[in-house]
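**Student:** Got a structure here, written out as structure tokens. Questions coming.
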Amino acid sequence: MTRDQVLSWTERVLGPSETRRLLLLDHNAAHRVADDRAALDEQDVDLVLVPAGCTALAQPIDIVKPFKDRVRDSWVTWMVEPRPPTAAGNLRQPTRQNVVNWVGRAWDGVGCDVITKAFLRCGVSNALDGSGDDQILEWFPEEIGVALPHDGDAAAAAEENASDASLTSDEESPASDSDEAM
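Quick note on this note's numbering: the sequence shown kicks off at 88 and runs consecutively.
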């Protein structure tokens, strides 16, 4: 996908709006439309690029799994139904309409609560006053080595994360030639 295609997509798919929208994209080269932020601003679109290596933390991925599971279930159900083979004796492919129906049913099956929780967990739609910050990454902060603020103590958590990062980087960095000479 090129930058022009991203801009075309925002014009055609997002279209005009009376309210501002947030477009959250990964750090793919085509998504870096920073030069064209004015064009996005005219469309009432705020662009946020997720830094490289942080996609799993900052995108509402909880939406994808239940959706894919439902599509897969529809496909498996279709596959086990008896149908005549093609003239060459092969299994028949599903029609486009079959796939459209599966996708539609799968999307309808993903509830608003799942979507809302997915955005809350990655911090995309939390209240600006910090009242929803306890839901950010509640499922695995220890696994990624990040201390989350408790009881509104964001400064202490930031300081702890900074000191942990400096200790980790010192321990893990290989000794340079100048270090060995000392």
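Beta carbons: idealized from backbone N, C-alpha and C, even for Gly.
1) Whether or not the region 185 to 193 and the region 151 to 170 are in contact is what I'm after, with contact meaning three or more pairs of Cβ atoms, one per stretch, closer than 8 Å; do they touch?
2) Nearest by alpha-carbon distance to residue 141: which of 99, 181, 113 and 206 is it?
3) What do you get for residue 161, buried or exposed, if any count of 16 or more other CB atoms within 10 angstroms of its CB means buried?
4) Within the region 101 to 181, note down every full alpha helix (DSSP H) run reaching 4 residues or more, in order along the chain.
5) Could you tell me the alpha carbon to alpha carbon distance between residue 203 and residue 158, rounded to whole angstroms?
6) Taking Cβ positions only, does residue 184 come closer than 8 Å to chain D?
7) Let's test the definition: count the other Cβ atoms within 10 Å of the Cβ of residue 175 and tell me whether it reaches 16, buried, or not, exposed.
8) Tell me the residue span of the alpha helix (DSSP H) that contains residue 196.
9) Going by DSSP in three states, residue 218 sits in which element: helix, strand or coil?
10) Rounded to a whole number of angstroms, what is the C-alpha to C-alpha distance between residue 200 and residue 150?
11) Contact defined as beta carbons within less than 8 Å: I believe residue 131 pairs with residue 104. What is the distance between those atoms, to the nearest angstrom?
12) With burial defined as no fewer than 16 other Cβ atoms inside 10 Å of the residue's Cβ, what is the status of residue 108: buried or exposed?
13) Return the residue from the list 166, 101 and 167 that minimises the CA-CA distance to residue 126.
14) Quick one: using the 10 Å Cβ neighbour count with 16 as the cut-off for buried, is residue 134 buried or exposed?
**Tutor:** Let me spell this out:
1) yes
2) 113
3) buried
4) 124 to 129, 142 to 145 and 151 to 167
5) 21 Å
6) Of the chains in the structure shown, none is chain D; there is only one protein chain.
7) exposed
8) 183 to 196
9) coil
10) 10 Å
11) 5 Å
12) exposed
13) 101
14) buried
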